[in-house]
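Heads up: the structure comes next, in structure tokens.
Protein chains: 6
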Amino acid sequence: MKKVKPTIIRKIHRADTDAVRTLGELGVATVHEAQSRTGLMRPYMRPIYPTARVAGTAITVSCQPGDNLMIHAALELCQPGDVLVVTTTSESTDGMFGELLAVSARARGVAGLVIDAGVRDVADLTAMNFPVWAKAISAQGTVKATPGSVNVPVVCAGAIVRPGDVMVGDVDGVVVVARQAAGEIARRGTDRVAKEQKTRERLRNGELGLDFYGFRAKLAELGVQYVDEE
Amino acid sequence: MKKVKPTIIRKIHRADTDAVRTLGELGVATVHEAQSRTGLMRPYMRPIYPTARVAGTAITVSCQPGDNLMIHAALELCQPGDVLVVTTTSESTDGMFGELLAVSARARGVAGLVIDAGVRDVADLTAMNFPVWAKAISAQGTVKATPGSVNVPVVCAGAIVRPGDVMVGDVDGVVVVARQAAGEIARRGTDRVAKEQKTRERLRNGELGLDFYGFRAKLAELGVQYVDEE
Amino acid sequence: MKKVKPTIIRKIHRADTDAVRTLGELGVATVHEAQSRTGLMRPYMRPIYPTARVAGTAITVSCQPGDNLMIHAALELCQPGDVLVVTTTSESTDGMFGELLAVSARARGVAGLVIDAGVRDVADLTAMNFPVWAKAISAQGTVKATPGSVNVPVVCAGAIVRPGDVMVGDVDGVVVVARQAAGEIARRGTDRVAKEQKTRERLRNGELGLDFYGFRAKLAELGVQYVDEE
Amino acid sequence: MKKVKPTIIRKIHRADTDAVRTLGELGVATVHEAQSRTGLMRPYMRPIYPTARVAGTAITVSCQPGDNLMIHAALELCQPGDVLVVTTTSESTDGMFGELLAVSARARGVAGLVIDAGVRDVADLTAMNFPVWAKAISAQGTVKATPGSVNVPVVCAGAIVRPGDVMVGDVDGVVVVARQAAGEIARRGTDRVAKEQKTRERLRNGELGLDFYGFRAKLAELGVQYVDEE
Amino acid sequence: MKKVKPTIIRKIHRADTDAVRTLGELGVATVHEAQSRTGLMRPYMRPIYPTARVAGTAITVSCQPGDNLMIHAALELCQPGDVLVVTTTSESTDGMFGELLAVSARARGVAGLVIDAGVRDVADLTAMNFPVWAKAISAQGTVKATPGSVNVPVVCAGAIVRPGDVMVGDVDGVVVVARQAAGEIARRGTDRVAKEQKTRERLRNGELGLDFYGFRAKLAELGVQYVDEE
Amino acid sequence: MKKVKPTIIRKIHRADTDAVRTLGELGVATVHEAQSRTGLMRPYMRPIYPTARVAGTAITVSCQPGDNLMIHAALELCQPGDVLVVTTTSESTDGMFGELLAVSARARGVAGLVIDAGVRDVADLTAMNFPVWAKAISAQGTVKATPGSVNVPVVCAGAIVRPGDVMVGDVDGVVVVARQAAGEIARRGTDRVAKEQKTRERLRNGELGLDFYGFRAKLAELGVQYVDEE
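Protein chains in written order, with our numbering: chain A, 63 to 292; chain B, 63 to 292; chain C, 63 to 292; chain D, 63 to 292; chain E, 63 to 292; chain F, 63 to 292.
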């Protein structure tokens with residue numbers, strides 16, 4: 063084994079386009095449930111504007127904190143529909159991505175950015191409708207001095223992301239779906255939505271989940287007692 | 063004394079409806095001042111959309127973290143105008159409440175949710191105009207496995223809430239008014255608003271609080287010195 | 063040397079009005095870069111509404127936490143275009159500033175508020191279009207009991223602010239420009255904007271920063287290796 | 063109802079001395095379990111030295127942040143074996159208590175301090191073996207300018223404390239036992255310790271909780287599958 | 063693909079014993095450097111006593127927050143020298159592990175615990191010299207109600223841990239070494255220590271790293287200017 | 063005005079040696095009070111071992127986060143009794159300083175380190191009795207790629223530090239004394255200690271601060287009411 067060198071991997075396998083589109087329509091909460099409550103990033107990852115939505119293929123980037131050199135390197139590898147997933151080797155809130163990078167990213171068809179650090183030029187990014195999920199909004203500029211890697215597995219906001227995985231983001235946060243599982247999770251999520259529609263109708267009509275989910279029995283089994291008065 | 067059992071209290075006393083409505087019109091900052099700066103929740107409790115407003119009667123829920131079983135149990139006890147107040151026995155940001163529960167809550171007339179944990183389906187809740195104050199937005203799903211209590215006194219975001227207390231929420235946060243004090247606080251708040259209207263006019267005309275509040279004398283008494291130049 | 067007394071300095075030197083206006087047009091990220099990435103406040107300072115923008119001259123205020131007496135004292139010294147910069151002697155999130163103070167501030171021409179603490183009446187401040195950057199939104203009321211100082215140098219959210227410095231705020235945060243440097247930084251920022259316009263065009267046409275910034279050579283020099291397949 | 067006035071309550075009921083002593087011997091984790099996992103303060107409350115231990119009766123103090131006037135007032139009401147429980151009306155880390163107050167407290171027999179704020183002179187307090195649980199260590203000095211209350215119910219680090227309740231603190235944190243429940247909880251805790259001693263022996267001999275707690279069946283019921291190889 | 067089921071993997075491959083011992087002697091900082099500054103957990107992971115040290119093979123556990131059922135299941139699979147690595151599916155500080163579990167773990171030869179949650183009975187664990195790295199110390203008890211997995215890859219405090227990887231912990235934190243790389247990293251670390259010994263001697267004799275690392279030239283190249291007087 | 067260049071200032075004025083020694087003997091809390099409660103760093107700055115104490119002259123260092131190049135440059139300028147004060151241009155917890163740098167620093171007589179970032183090799187530093195106050199303990203290694211400055215004014219943990227200022231550190235935190243004020247503050251602190259000795263005796267004899275500080279009158283003036291029973 064030789065010393066680990068910073069590496070840029072040029073070619074990755076991407077998830078199925080139809081699956082990606084379906085996952086994006088389902089949204090974060092449904093996808094997270096459909097894959098047995100896994101893959102969710104920490105809730106500190108917030109969209110920079112509330113209507114931001116994205117679904118696409120992960121191009122992963124591992125940077126030195128305060129240094130965005132590798133984002134420049136990653137852009138070359140992006141294809142239309144990709145989502146940049148940027149992490150730093152230790153915690154940072156610096157504004158590693160701004161309007162110029164967004165213009166460049168959009169020119170290559172990049173669908174959005176998920177960054178476990180900061181972002182800036184937020185007014186411009188919002189005007190461009192370029193969706194970003196970040197840990198912080200910060201104008202703090204960055205250097206281009208230290209190597210990193212592109213398209214290696216990374217941990218981003220507590221979730222493992224491998225290049226080619228599907229990133230789904232909306233106002234509820236960001237969830238990662240393993241590339242190979244995308245089709246199956248899309249199917250399960252679609253089924254879930256169909257089933258929820260029936261539940262929704264019953265709830266809207268005043269039925270209680272307590273009754274039709276069988277939670278009354280559960281409460282009794284768990285020894286919860288009902289008392290009439292305060 | 064026997065072992066404390068998880069308990070659901072069915073009947074509670076509610077605050078006076080007129081007082082609740084007035085408190086809601088006064089808003090959080092005024093109500094907090096009217097009751098001598100007490101009852102305010104910690105500022106990490108934020109509305110999920112900036113125009114969210116609520117005033118209603120607290121139905122309290124104490125849950126295991128990551129488990130929303132008791133919210134289902136609580137819904138049965140809600141009456142129109144109630145506000146669900148959900149706490150966990152230790153800190154959690156999981157998304158214990160989402161769109162289906164909101165549909166069910168609305169069907170029973172629930173006016174809003176105050177939750178010292180996370181919430182999800184925020185786009186749907188916003189579209190429904192269902193007001194929520196939460197510690198986090200998180201898609202993290204929850205189980206239904208551990209008992210808890212409904213309508214017992216709880217500590218929510220640093221404030222004591224008893225079932226039947228008045229919850230007032232707006233963009234400034236959430237304040238709790240003890241049920242028995244609701245009428246009195248509503249009166250005091252109304253008086254305060256009237257008095258502030260006069261103050262506002264004077265300030266708008268360029269008078270200084272420094273002068274009409276008597277703060278010049280206070281500054282002198284405290285030994286603050288005026289110096290002309292930097 | 064005598065005991066340090068709480069002090070209010072009446073007269074300060076203000077930055078050049080044209081420079082202030084230009085800096086406000088450039089915005090936080092550009093100004094921060096133009097002054098070699100200095101002067102930025104910590105990213106926890108957020109505007110209370112996303113379109114808030116300000117540029118003006120700092121009137122600095124140092125308060126006891128939970129006490130806004132010195133803000134009242136500072137208002138008297140404000141001139142049109144000034145920005146109140148409020149700090150506390152230890153960390154606090156209390157709502158030291160609200161709608162009545164904003165009415166008073168506006169009557170004196172104050173352009174906005176930068177406060178390393180909390181703010182309240184956020185709905186009113188937003189309706190007034192009174193821009194505020196704060197650490198927290200909190201209805202917590204404050205007393206008027208302890209002396210402090212006005213127009214002394216302060217540390218606000220990690221940045222040194224001297225009375226008369228230029229404060230620039232937008233959705234990216236807040237940056238401080240030293241009074242004497244305002245003109246020079248305005249020029250440099252203007253140059254930067256002009257240069258960026260050319261870069262933007264090239265990026266929009268699909269050129270890569272990787273190429274025209276010379277980062278390919280940098281990556282090679284740093285030993286980053288390209289690998290074809292995952 | 064008149065305006066809530068800051069109030070000092072002179073006489074409180076104290077918990078049974080024997081129960082207090084037993085609860086102190088049991089320690090925080092056992093007492094917390096014995097009362098059905100309630101009453102624990104948030105884990106940010108840490109002892110200033112690892113061997114700190116206390117059990118005593120709560121004298122509660124509610125202060126303005128940055129102001130320790132009411133601690134002085136509370137000391138007069140302390141009896142030997144009491145524990146000062148200090149909270150602030152909003153979050154603060156200021157060092158409200160130091161060596162001089164500890165000397166005064168010890169002269170009155172105070173057994174320790176639980177403070178949802180900061181403490182200073184930690185080297186002296188440690189040398190005195192005066193146990194303190196605090197949110198922060200901070201030399202930040204405080205004023206004596208704003209009224210507060212003594213011996214009213216308070217929320218301290220997420221737990222409700224009423225004057226006369228039993229405070230138990232050790233390296234695991236701080237737990238509150240309601241005054242009336244002290245004897246019963248002491249008995250239950252003692253029973254628990256006896257039972258745990260048998261469990262401990264079995265575990266030490268290599269038996270698995272998995273077996274004797276019946277968790278194998280639980281795992282099967284929950285659908286957990288065993289797989290041989292990675 | 064079927065629904066992801068909670069799974070316990072019985073047999074894992076363990077790292078070479080000699081490599082593990084060497085890595086433990088090298089300590090966290092050296093190992094982290096030897097593997098090109100990768101594998102370090104977030105600095106919030108702290109030992110419960112300053113002299114805690116461990117090196118061993120990871121048995122990974124993924125639990126529901128507030129539920130330690132799967133730790134019981136994991137103990138059965140532990141062999142002498144293993145280190146339990148416990149994570150929760152969302153953030154939690156609950157005290158999932160205490161003295162009884164430590165007795166059971168020690169009976170099976172477990173060398174220590176790394177837990178991205180809380181721990182309790184810290185006085186007992188310290189007396190037993192059972193090393194633990196945790197996010198929090200908390201007496202908060204946990205339930206045994208929800209399934210999880212054992213010996214699956216997990217993210218713990220920002221680092222990926224696979225069963226069989228080497229865990230190294232000391233007062234500087236915790237670092238993970240991939241099982242297959244253990245021998246190579248042990249060698250590199252040993253070389254590093256030897257080299258550092260020479261550097262240490264030169265530094266002790268008053269030579270400057272500035273000189274023998276070639277940083278003077280670096281500073282000049284980077285445009286750092288020397289000025290004589292303030 | 064030319065572009066701000068990274069700068070190393072070779073010669074600084076140092077505070078009076080006797081004053082520095084006295085300030086160190088007085089300790090952080092007393093010095094902070096003696097200078098009217100100013101100059102204290104945020105309480106997140108903690109010593110790496112509880113008996114750490116230091117008093118010395120500040121050599122200030124401003125670094126890029128994750129980069130310790132400028133610490134190497136600063137060491138050359140250190141004289142016996144100096145204290146390194148290290149800041150980063152944005153928030154970081156990386157371990158910028160370890161045992162090798164401490165050996166080098168000690169060889170030059172450096173008395174200690176105050177770093178608004180992380181430190182590593184804490185066991186070695188403790189064994190060397192090299193006192194450090196830091197925001198974090200982290201093994202995270204750093205690069206040497208980006209310029210910074212030495213002996214310029216910095217903001218460290220919320221306090222302004224100018225080269226030559228006196229740094230005083232102990233278990234209560236870190237306080238900064240302006241160079242020119244060192245003698246005066248040392249005198250005031252010495253007076254304070256003398257006065258406190260008398261107060262201490264009275265308190266030890268059971269007198270109450272409530273009485274001899276005149277707080278009874280204050281409480282009455284503030285409208286605090288005494289009530290007999292709960």
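Glycine included, each C-beta is placed from N, C-alpha and C at the ideal position.
Taking the beta carbon of residue i as the centre, do at least 16 other beta carbons fall within 10 Å, making it buried, or is it exposed?
| i | result |
| --- | --- |
| D178 of chain A | buried |
| G203 of chain A | buried |
| Q97 of chain A | buried |
| R182 of chain F | buried |
| A189 of chain D | exposed |
| T79 of chain D | exposed |
| D144 of chain B | buried |
| D290 of chain C | exposed |
| F274 of chain C | exposed |
| T113 of chain E | exposed |
Could you list which residues in chain C have their beta carbon closer than 7 Å to that of residue i, in chain order?
| i | result |
| --- | --- |
| P105 of chain B | T155, G180, A198, I199 and S200 |
Just checking: is the beta-carbon of residue i within a distance shorter than 9 Å of some beta-carbon in chain F?
| i | result |
| --- | --- |
| D183 of chain D | yes |
| Y275 of chain E | yes |
| N267 of chain E | yes |
| E87 of chain E | no |
Give a yes or no on whether the minimum CB-CB distance between residue i and chain C is below 9 Å.
| i | result |
| --- | --- |
| Q141 of chain D | no |
| K280 of chain B | yes |
| P193 of chain A | no |
Would residue i count as contacting chain E if we go by Cβ distances under 9 Å?
| i | result |
| --- | --- |
| S166 of chain B | no |
| G171 of chain D | no |
Which bits of chain F does residue i rub up against, with CB to CB less than 9 Å?
| i | result |
| --- | --- |
| A207 of chain A | Q126, D129, V205, A207 and T208 |
For residue i, return the contacting residues in chain E, with the cut-off set at a CB-CB distance below 8 Å.
| i | result |
| --- | --- |
| Q287 of chain D | K67, P68, T69 and I70 |
| D234 of chain D | G157, R182, D183, V184, A185, I199, S200 and A201 |
| G160 of chain F | A91 |
Residues of chain F with CB closer than 7 Å to the CB of residue i, please, in chain order.
| i | result |
| --- | --- |
| T151 of chain C | R99 |
Could you name the residues of chain F that residue i contacts, counting a contact when the two beta carbons are closer than 8 Å?
| i | result |
| --- | --- |
| V217 of chain C | V217, G220, A221 and I222 |
Please classify residue i: does DSSP put it in a helix, a strand, or coil?
| i | result |
| --- | --- |
| D227 of chain D | coil |
| L187 of chain B | helix |
| V172 of chain F | coil |
| Q126 of chain E | coil |
What residues from chain B crowd round residue i, counting only those whose CB sits closer than 9 Å?
| i | result |
| --- | --- |
| E95 of chain A | A201 and G203 |
Mind checking if residue i is an interface residue toward chain D, Cβ cutoff 9 Å exclusive?
| i | result |
| --- | --- |
| A135 of chain E | yes |
| L102 of chain B | yes |
| P109 of chain E | no |
So, does the CB of residue i fall closer than 9 Å to a CB anywhere in chain B?
| i | result |
| --- | --- |
| V237 of chain A | yes |
Strictly below 8 Å CB to CB, what residues from chain B border residue i?
| i | result |
| --- | --- |
| T74 of chain C | Looking at the sequence provided, one finds Ile at residue 74 of chain C rather than Thr. Result: E292. |
Is there at least one Cβ from chain A nearer than 9 Å to residue i's Cβ?
| i | result |
| --- | --- |
| M63 of chain B | Model confidence at M63 of chain B stands at a pLDDT of 37, short of 50, so the residue's coordinates are unreliable; what they give is reported in the following sentence. With 9 Å as the cut-off, M63 of chain B does not count as an interface residue toward chain A. |
- Query: When you check each C-beta in the stretch 251–263 of chain D against every C-beta of chain E, which residues fall closer than 7 Å?
  - Reply: E258, T261 and R262
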